[in-house]
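Count the sequence shown with our numbering and you get residues 13 to 242, in order. No residue lacks a Cβ here, since even glycine has one placed at the ideal position from N, Cα and C. Notes follow once the structure below has been shown.
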Amino acid sequence: MIESIKKIFSVPELKSKIIFTLLILAACRVGGFIPVPGINGDLVVSFFKASTGGGQNLFQMVDVFSGGAFSHMTLTALGVIPYISASIIMQLLLALMPGLQRELKENAEVGRRKLSKWTRVLTLVLSAVQSFLFARFAYNLNFEKPGIIISHLTDMKLFGMPIVFYMIVMCSMTAGTLILMWLGEQISEYGIGNGISLIITVNILHSLPSAMGSILQQLNLESQEPGQLT
């Protein structure tokens, strides 16, 4: 195995692609440590840890795909989920767009560019919508655990909504997703390929130890319920 690795790194072009990919993946992880302005990520983490039942399972699933960024409410909390959703939607809509289908057959390069363009636009829209829902979730959570949001951000309201806080969250998290999308495209073009898949894989690997720890802790608590042998 060591010899195989040596052979891989003996090819200059392949070596540079691997190093480039690793550097980009490291850059992707940086966003998971930058909190959204105005949010106390530590309090959010404590809330998630205290949650039980279906809500906890949903939070854990989203958190795994974002590499722990969701539970800390950081810039990349949405991960690349909006991009994946946009790609799936565009593939489904492709069946309803015969013009684009013909263009893909006649001029594959132009067709792919158009498809990529609309996928990016849809990613932007989905990111904005999901980040808005995320902001509402954080705002409602702030009533249950005061201090999650800086108070002066929630005081500035328009039509009864904390518009400044919503805008900060939407701009920050949408930008985070778009940056991840762009970095994934760089890996696909200049690295070893499959950039988005690699970003998801790295996020899952980063979250795997804590997720396994939570599962083991939950199993331990269930085994110690009254009336059961331990």
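- Here the alpha carbon of threonine 189 sits roughly 8 Å from the alpha carbon of tyrosine 95.
- In this model, phenylalanine 155 and threonine 166 are separated by some 11 Å (Cα to Cα).
- Separation of the CB atoms of valine 48 and leucine 87 is rounded to 6 Å, and the pair is thereby assigned contact status at 8 Å.
- Closest in C-alpha terms to phenylalanine 45, from the list Thr33, Phe82, Lys27, Val76, comes Phe82.
- Taken atom to atom, the span from the alpha-carbon of serine 128 to that of phenylalanine 146 is near 26 Å.
- Residue environment for histidine 84: buried (at least 16 other C-beta atoms within 10 angstroms of its C-beta).
- Per the C-alpha coordinates, the member of Val56, Lys126, Ile30 positioned closest to serine 200 is Ile30.
- In its chain, beyond the 5 residues on either side, Leu112, Glu115, Leu116 have a beta carbon closer than 7 Å to the beta carbon of glycine 123.
- Taken in chain order, no unbroken stretch of beta strand (DSSP E) lies wholly in the region 79-116 with a span of 3 residues or more.
- Straight-line measurement puts the Cα of glutamate 118 at about 29 Å from the Cα of glycine 203.
- With a cutoff of 8 Å on beta-carbon distance, isoleucine 211 and valine 74 are scored as not near each other.
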